[in-house]
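What follows is a single structure, written as structure tokens, with notes after it.
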Amino acid sequence: MTFFVMQPTFEMSWVQGIAPMLDGRVDEMEGIKAAIEPFRGFMLANVRPVDLTTFYHLANLQPATVPAETPWRVLMPAFMIGELSRGFEMGFLLYLPFLVIDIVTSSVLMSLGMMMLPPATISLPFKLIFFVMVDGWQMVAGGLVRSFGS
């Protein structure tokens, strides 16, 4: 999944920085600087403005007037925090239907008077069937890729 989403960025990095450096057309510093610019563009396209603002304030820096001038020490943690937030959101949304299945299973078992039977034992097969029936992996993978605007 990482390679699928990042492939255009890897390719631009190779063409703009690594290949010219290996061919001897530019020195190492110029090659590295050119190679990391596509990653800056990727992060800027996928970072939340609120995260950038937070890390500008934490670093005691004035926000850049041009997004391309955002310092790495602000951009990288803002991007990582945004990705962690997105991951927690996706995890929570994935957890909700399973929580409903647990609650329904517990309610049914309690109404049948089966208080000593652990609901997790009964609900696990229902959760697996539900995940397979709604094509869960397709939804998770598609959601991840779409979250990057690819």
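FYI, the numbering for the sequence shown is 53 to 202, going by the working numbering.
All C-beta atoms in this analysis are idealised placements derived from N, C-alpha and C, irrespective of residue type, glycine included.
Our two residues, M64 and P170, have alpha carbons roughly 54 Å apart in a direct line.
Pairing S175 with D154, the inter-Cα distance amounts to about 6 Å. Spatial neighbours of A111 in its own chain (CB-CB distance under 8 Å, excluding positions within 5 residues in sequence) are listed in chain order as P123, R125 and V126. Contact check for M73 against G83 passes: the beta carbons are separated by less than 8 Å.
In summary, D103 is buried, with 16 or more beta-carbon neighbours lying within 10 Å of its beta-carbon over all protein chains present.
Inclusion of A97 and G69 in the CB contact set at 8 Å is not warranted, their separation being larger than that value. Of the residues assessed, A120 falls on the exposed side of the cut-off, its CB having fewer than 16 other CB atoms within 10 angstroms.
The segment 93 to 129 contains, as complete alpha helix (DSSP H) runs of 4+ residues, the segments 101 to 110 (chain order). Taking C-alpha positions only, G76 is separated from K85 by approximately 15 Å. For the pair P60 and G93, the Cα-to-Cα distance works out to about 11 Å. With fewer than 16 other beta carbons inside 10 angstroms of its own, T54 counts as exposed. In chain order, D154 place their CB closer than 8 Å to the CB of A172, counting only its own chain and leaving out the 5 sequence neighbours on each side.
Cβ atoms of A130 and F107 come within 8 Å of each other, at about 5 Å. Between V99 and G139, the CB-CB gap reaches or exceeds 8 Å.
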